[in-house]
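Novice: Once you've had a glance at the structure underneath, I'll fire off some questions.
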Amino acid sequence: MITATPRPAKPWGWYARLPRWGQLAFAAALGGLGALGQAPYEQPLLLLIALSLAFLVFRQHAHGRAAALVGWSYGVGYFCTALVWILQPFQIDPDKHAWMAPFALLFLSAGLALFWGAAFWIARRLSAQAWPLLLTWPAAELLRAYVFTGFPWASPAQALVDSAAGQALAWVGPHGVTLWLISLAWFLSARARLRWRGAMRAAQFFTLAGAAISFYLPPSAPIAALTPHIVRLVQPNAEQHLKWQPDFAQAFFQRQLEFTAEPATTGAPPALTLWPETAIPWTYENAGPALDLISEAAGGRMVALGLLRRTDRAVFNSMAVLGPEQAATQLYDKHHLVPFGEFIPFPRLAERLGLTGLAQVSAIGFAAGPGARTLDFGALGRGLPLICYEAVFAHDVNAAPERPDFIIQITNDAWFGRNIGPQQHLAQARMRAIEQGLPLIRAANTGVSAMIDPYGRILDSLPMGAAGFIDTRLPHPLPPTFYSRIGDLPIMVLLLAGLLIAGLRNHAIK
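Everything in the sequence shown is counted per the UniProt record's numbering, starting at 1 for the first residue and increasing by one.
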């Protein structure tokens, strides 16, 4: 009697036997695993492994529709985990907004995941192999940074900000680093012919080991050279649900005045004192007496602070720089606003439906300023102001009309709780410092306020949820980085050329 020798089961046979909903759930779980690469978890190796497994899952689907659903599910799991902090703003006024919180997280995650689903679909349409995903996935991330005003939060590159690998941001920017990460993931998931399998597995092992080392080694950059200029960072720790209540608002203002008037802790008095976003409850037009008190507390030295500014037709989220004459010498209006936070898209339709932004202060929301610009901070040099959300966009920082000597960010992260959201926002500020080779001065209402050197390292900081101030020296800038000179255009051209070649190849094969 002859018995057939059983054929070995395919490594992913178990996956093929799952029902469709099981495959999508597995993909979503992989996405959630990958999100643990982001702050505050900071496990970039898990992100790389999850990206590699996504390539293996992609290979199991021969049809574009199935691949798109799997890519979308992976994205939903990733963004639901990374952006869970989006629930927090809806708890500031729970009676009015809490019911929207789960829908906001789900709809935002599902919407962002469409970019990844499209990447998987196009990649499968281009080839039966996995390599086109090398191009379509980074291209989707690049589009996510630009389309519909952009929302590049929790990009894969963001997970590397605290590592030696993250210093590549100075050369190729966030999209170049994302391309490198996804290329690593593709190589780690690649299959080899039987003849070369041993060599391939060895190469993959050493690639994974090298990546792990670069992910967890701190930057090897030299110690940042410091200027003699002292900057005071003021952190009032004003809880968002109390911030605008009259009694508490006055107390928070008084707290900031006291911190500003404190004697210098470093010998020399601060050349600049920085208050956070919307630091006072009065608009610029009505804040004259308050601005006088601030200048007096600073001993006539320079103070920069966030406040609202009204005109006959608009409200602006602004930064004012107070000079020695106890008056605002310069104003900057935030130009990249938060959709559904500071303004509602399609305002007429939203008005009919009774929808308003979470931070909206007028019927039409905030108005956008004219764009990026630098301000003169005297002996400190010229600074590029960023208000809160603007630190998310690498291309906005690159859009400055001239290279500044430092970046200055004011923010009110009290909207986002005390953990995931503020930590990820801080990581993005550090990315901007690395990309530009510039120090970044950051004052946050509830933390983390920090002095960040041009390599993205935190030199001094105030912890989350603490009220206080620190005096810290401003680092010197580095020479312009390669990325600050070239921006995103070369990566755009590279990806577009690769997709065009892939499309022509696919057409020729057909």
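Ideal Cβ placement from N, Cα and C applies to all residues, glycine included.
1) Would you check if the distance between the CB atom of residue 34 and the CB atom of residue 44 is smaller than 7 Å?
2) Please go through the stretch 213-266 and give each complete alpha helix (DSSP H) segment of 4 or more residues, from N-terminal end onward.
3) Going by DSSP in three states, residue 432 sits in which element: helix, strand or coil?
4) Taking the continuous beta strand (DSSP E) assigned at residue 317, which residues delimit it?
5) Counting along the chain, where does the alpha helix (DSSP H) carrying residue 488 start and finish?
6) Using a 10 Å radius around the Cβ and a threshold of 16 neighbouring Cβ atoms, would you call residue 256 buried or exposed?
7) Using a threshold of 7 Å, state whether the C-beta atoms of residue 174 and residue 155 are closer than that.
8) To the nearest angstrom, report how far apart residue 87 and residue 499 are at their CA atoms.
9) Going by the C-beta, is residue 139 closer than 6 Å to any heavy atom of the ligand ATP?
10) Taking the C-alpha atoms as reference points, what is the distance between residue 61 and residue 67?
11) Between which two residues does the beta strand (DSSP E) carrying residue 449 extend?
12) Just to confirm my understanding: we take residue 379, look at its own chain, exclude 5 residues before and 5 after, and list those with CB closer than 7 Å. What are they?
13) Is it the case that the stretch 464-477 contacts the stretch 178-192, given that we only count it when at least three CB pairs across the two stretches are under 8 Å?
14) Report the rounded CA-to-CA distance for residue 98 versus residue 190, giving the unit in angstroms.
15) Using a 10 Å radius around the Cβ and a threshold of 16 neighbouring Cβ atoms, would you call residue 250 buried or exposed?
16) At 3 residues or longer, and completely inside the stretch 267-316: list those beta strand (DSSP E) runs for me, N to C.
17) Helix, strand or coil: how does DSSP classify residue 328 here?
18) If you draw a straight line from the C-alpha of residue 289 to the C-alpha of residue 265, how long is it?
19) Any idea if residue 107 is buried or exposed, counting beta-carbon neighbours within 10 angstroms, 16 or more meaning buried?
20) Between residue 421 and residue 269, what straight-line distance do the alpha-carbon atoms span, to the nearest angstrom?
21) Taking Cβ positions, are residue 369 and residue 425 nearer each other than 7 Å?
22) Quick one: grab the DSSP three-state call for residue 127.
23) Keeping to the same chain, check which residues put their C-beta closer than 7 Å to that of residue 207; ignore five residues upstream and five downstream.
24) Taking three-plus beta-carbon pairs below 8 Å as touching, is the stretch 158-166 in contact with the stretch 123-143?
25) Cα separation between residue 307 and residue 299?
26) Among 25, 469 and 150, which residue has its Cα nearest to the Cα of residue 259?
27) Beta carbon of residue 423, beta carbon of residue 40: below 7 Å?
28) Along the chain, where does the beta strand (DSSP E) containing residue 461 start, and where does it finish?
29) With DSSP as the reference, please indicate the residues paired to residue 409 in a beta bridge.
30) Quick one: what's got a C-beta closer than 7 Å to residue 104's C-beta in the same chain, skipping five residues either side?
31) Label residue 353 either buried or exposed according to how many other C-beta atoms from any shown protein chain fall within 10 Å of its C-beta, with 16 as the threshold for buried.
32) Just to confirm, is the Cβ distance from residue 305 to residue 275 under 7 Å?
33) Sorted by chain position, which residues of the same chain lie with C-beta nearer than 8 Å to residue 349's C-beta, five sequence neighbours on each side aside?
34) Between which two residues does the alpha helix (DSSP H) holding residue 13 run?
35) Does the distance from the CB of residue 29 to the CB of residue 73 come in under 7 Å?
36) Quick one: what's residue 375 bridged to in DSSP?
Specialist: For this structure:
1) Working through the sequence shown from its first residue, we reach residue 34 at position 34. Working through the sequence shown from its first residue, we reach residue 44 at position 44. No, these two residues do not count as a Cβ contact at 7 Å.
2) Complete alpha helix (DSSP H) runs here, min 4: 240-243 and 246-261.
3) Here the question's residue 432 lines up with position 432 in the sequence shown. Three-state result, residue 432: helix.
4) Stepping through the sequence shown from its first residue, residue 317 is reached at position 317. DSSP places residue 317 inside the beta strand (DSSP E), whose first and last residues are 315-322.
5) Translated into positions along the sequence shown, residue 488 becomes position 488. Segment: none, residue 488 is in no alpha helix (DSSP H) and carries neither H nor E.
6) Locating residue 256 in the sequence shown gives position 256, counting from the first residue. Buried, by the Cβ-count rule.
7) As a first step, residue 174 must be located in the sequence shown, where it is residue number 174. As a first step, residue 155 must be located in the sequence shown, where it is residue number 155. Yes. Within cutoff.
8) The residue given as residue 87 occupies position 87 in the sequence shown. The residue given as residue 499 occupies position 499 in the sequence shown. One C-alpha to the other measures close to 37 Å.
9) In terms of ligand content, the structure shown is empty, and the ligand ATP therefore cannot be addressed.
10) Your numbering for residue 61 matches position 61 in the sequence shown. Your numbering for residue 67 matches position 67 in the sequence shown. For the pair residue 61 and residue 67, the Cα-to-Cα distance works out to about 6 Å.
11) Walking along the sequence shown from the start, residue 449 turns up at place 449. Residues 449-452.
12) Position 379 of the sequence shown, counted from the first residue, corresponds to residue 379. For residue 379, where only same-chain residues beyond five positions count, the Cβ hits under 7 Å are 229 and 271.
13) As far as the Cβ criterion goes, the stretch 178-192 does not touch the stretch 464-477, which means the pair count is below three.
14) Translated into positions along the sequence shown, residue 98 becomes position 98. Translated into positions along the sequence shown, residue 190 becomes position 190. Near 45 Å, if we compare the C-alpha coordinates of residue 190 and residue 98.
15) Along the sequence shown, read from residue 1 onward, the residue named residue 250 stands at position 250. Classification for residue 250: exposed.
16) Taking 3 residues as the minimum length, the beta strand (DSSP E) runs contained wholly in the stretch 267-316 are 272-274 and 302-310, in order along the chain.
17) Taking the sequence shown and counting its residues from 1, the one referred to as residue 328 is at position 328. Three-state DSSP puts residue 328 in a strand.
18) Looking up residue 289 in the sequence shown gives position 289. Looking up residue 265 in the sequence shown gives position 265. Taking the straight line from one Cα to the other gives about 28 Å.
19) In the sequence shown, the residue the question calls residue 107 occupies position 107. Result: exposed.
20) As a first step, residue 421 must be located in the sequence shown, where it is residue number 421. As a first step, residue 269 must be located in the sequence shown, where it is residue number 269. Answer to the nearest angstrom: the Cα atoms are 33 Å apart.
21) On the sequence shown, residue 369 is found 369 positions in, with the first residue counted as 1. On the sequence shown, residue 425 is found 425 positions in, with the first residue counted as 1. In this structure, residue 369 lies away from residue 425, with their beta-carbon atoms at least 7 Å apart.
22) Residue 127 sits at position 127 when you count from the first residue of the sequence shown. In the structure shown, the three-state DSSP call for residue 127 is coil.
23) For the purposes of this step, residue 207 is identified with residue 207 of the sequence shown, where counting begins at 1. So the list reads 184, 187 and 188, once near-sequence residues are dropped.
24) Too few Cβ pairs lie closer than 8 Å, so no.
25) Counting from one through the sequence shown, the residue named residue 307 turns up at place 307. Counting from one through the sequence shown, the residue named residue 299 turns up at place 299. Rounded to the nearest angstrom, the two C-alpha atoms are 21 Å apart.
26) In the sequence shown, the residue the question calls residue 259 occupies position 259. Out of 25, 469 and 150, 469 has the C-alpha closest to the C-alpha of residue 259.
27) What you label residue 423 is simply residue 423 of the sequence shown in a count that begins at 1. What you label residue 40 is simply residue 40 of the sequence shown in a count that begins at 1. Cβ atoms of residue 423 and residue 40: closer than 7 Å.
28) The residue labelled residue 461 in the question sits at position 461 within the sequence shown. Run containing residue 461: 458-462, per the beta strand (DSSP E) assignment.
29) Along the sequence shown, one-based indexing puts residue 409 at 409. The partner list for residue 409 (beta bridge, DSSP) reads 386 and 442.
30) Within the sequence shown, residue 104 is the residue found at index 104, counting from 1. For residue 104, where only same-chain residues beyond five positions count, the Cβ hits under 7 Å are 86 and 90.
31) Residue numbering aside, residue 353 sits at position 353 when the sequence shown is read from its first letter. Low confidence applies here, because residue 353 scores a pLDDT of 48, under 50, leaving its location unreliable; read the following figure in that light. Counting Cβ neighbours within 10 Å, residue 353 comes out exposed, since fewer than 16 surround it.
32) For the purposes of this step, residue 305 is taken as residue 305 along the sequence shown, with counting starting at 1. For the purposes of this step, residue 275 is taken as residue 275 along the sequence shown, with counting starting at 1. Closer than 7 Å, so yes.
33) Numbered from 1 along the sequence shown, position 349 holds the residue referred to as residue 349. In this prediction, residue 349 has a pLDDT of 49, which is less than 50 and means its spatial position is unreliable; nothing more can be read from the coordinates.
34) Counting from 1 along the sequence shown, the entry for residue 13 is found at position 13. Following the DSSP letters along the chain, one finds residue 13 inside the alpha helix (DSSP H) bounded by residues 13-16.
35) In the sequence shown, residue 29 corresponds to position 29, counting from 1. In the sequence shown, residue 73 corresponds to position 73, counting from 1. For the 7 Å CB-CB criterion, residue 29 and residue 73 do not form a contact.
36) The residue you call residue 375 lines up with position 375 of the sequence shown. DSSP output for residue 375 lists 383 as bridge partner(s).
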